[in-house]
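Numbering (this note's numbering), first residue to last: 1047 to 1500.
All C-beta atoms in this analysis are idealised placements derived from N, C-alpha and C, irrespective of residue type, glycine included.
The model shown is predicted, which means the values in this text are computed figures rather than measured ones.
Here is the structure we will look at.
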């Protein structure tokens, strides 16, 4: 297995199938817990009695901790290297803390108090701890791809494989959730907590299995390498701040994550409260989205990539999301079955935007590998804060729990529709506009001398 950076002057050799696979599974624990975080956290917290605003505070605290942790993790990884150590330590912290996010209010049991303030502080604390571990794992894994290969097509292939296993992670979550929600009935507060606790324990076990595969199959890439005979020293932050492309890629990545994370946070509310679909739909509809995303991501691994193709790919996904957002915003309850068709298109759009958006970061980094972790960390900082603030603002307009709004007319445009339909559509359109202004140069775009996945 080749996990070191190649030094072919004309065109670095592509990495093999096994290397792509081992790298791709390395983010499974993060992905499956993140899917649970964005899909079910707000739903879980409101179902156990927290107000929409308090539930948003819990999510915001986690997103703020995640945002700052990504920057610090990126800087420390650039200084000291050891991608796998950071990845392993972050994964351990994620596994330990995530069960507490959905495991009930421990301080409430200790102090025999069910105060909403105590509950909010408790869940916010564990949310912050979970997100700090999540950040260390994410930055180490994302920045590692640039030190595994200098071949631009190989980088996109590893990103596509990583995104494909993101789909696998999400599908695994929704399969587990579908089984739990179908086989157990939640009639009391304790029943609700038990449902989500079993989901949390199961997804942690699944994610940890794939983390083990990643660490066994992937070698530690060399951080300080020689490219074309030149030894590269650590790159300062100012170097990136002077690049226009840094800000363009940062905005595109932030908008892409806003589209995915905010829509994921409100999807369960939308199918349950706005469309009044069956309870199984809160697992089935997301599953359809990720099945279509999976097939698109796998297909994208087999293509060779240039800057123009990345821009075209992202733009296509963004335009698809605009149409989906408009459909969601005005979809009447009587046409709820059409949501399954919309889900397929959303899955395609998500895959196109995610793979292209993350690959643009690799184009930005290029061969400047000794500052790559800072790039991924700082750009993720914008992503985390913007998502947390967006959800908090939307929830602030949610005066009551969505599940108690029984008297709304079908013509009413709820906060959920704005979160799932309008906001993603606007962000997608803005991302497409910014992408059009980019000048993406892929230095290693010569035709490959051998198939990527051999």
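query	result
Cβ distance (whole Å) where residue 1312 is taken to contact residue 1466 below 8 Å	4 Å
Span separating the alpha-carbon of residue 1480 from that of residue 1309	21 Å
Option nearest residue 1400 by Cα separation, candidates 1305, 1379, 1322	1305
Option in 1239, 1322, 1295, 1218 with minimal Cα separation from residue 1429	1295
Straight-line Cα distance separating residue 1384 from residue 1334	13 Å
Inter-residue Cα distance where the pair is residue 1329 and residue 1473	25 Å
Beta-carbon proximity check, residue 1394 vs residue 1343, cutoff 8 Å	no
Local Cβ density within 10 Å of residue 1317, reported as buried at 16 or more and exposed below that	buried
Touching by the beta-carbon criterion (3+ pairs, under 8 Å), the segment 1355-1366 and the segment 1417-1427	no
Cβ shell of residue 1468 (< 8 Å), same chain only, five flanking positions each side left out	1371, 1375
Residue ranges of each alpha helix (DSSP H) within the segment 1122-1191, 4 or longer	1129-1147, 1152-1157
Where the alpha helix (DSSP H) containing residue 1300 begins and where it ends	1290-1315
Sequence-distant residues of the same chain with beta carbon closer than 6 Å to residue 1220, five excluded per side	1329, 1332, 1333
Sufficient close CB pairs (3 or more, under 8 Å) joining the segment 1145-1156 to the segment 1126-1133	no
Residue closest to residue 1086, alpha-carbon to alpha-carbon, out of 1253, 1102, 1193	1102
Cβ pair count under 8 Å reaching 3, the segment 1404-1413 against the segment 1201-1215	yes
Extent of the continuous alpha helix (DSSP H) to which residue 1410 belongs	1385-1411
N- and C-terminal bounds of the alpha helix (DSSP H) containing residue 1441	1418-1442
Status (buried if at least 16 other CB within 10 Å, exposed otherwise) for residue 1422	buried
Proximal residues to residue 1440 (C-beta, below 7 Å), its chain only, five neighbours per side dropped	1461, 1464, 1465
Contact under 8 Å by Cβ, residue 1099 with residue 1442	yes
Inter-residue Cα distance where the pair is residue 1063 and residue 1070	10 Å
Proximity winner among 1105, 1291, 1093, 1084, relative to residue 1171 (alpha-carbon distances)	1105
Cβ neighbours of residue 1093 in the same chain (closer than 6 Å, five flanking residues each side left out)	1238
Local Cβ density within 10 Å of residue 1015, reported as buried at 16 or more and exposed below that	Since the displayed the chain opens at 1047 and closes at 1500, residue 1015 lies outside it and no answer follows.
Buried versus exposed, by CB contacts within 10 Å (16 or more), residue 1262	exposed
Buried or exposed by the 16-neighbour rule on C-beta atoms within 10 Å, applied to residue 1242	buried
Simplified DSSP assignment, three categories, for residue 1318	helix
C-beta atoms of residue 1067 and residue 1207 nearer than 8 Å	yes
Inter-residue spacing [alpha-carbon to alpha-carbon] between residue 1074 and residue 1115	20 Å
Residue span of the alpha helix (DSSP H) that contains residue 1357, given as start and end	1353-1376
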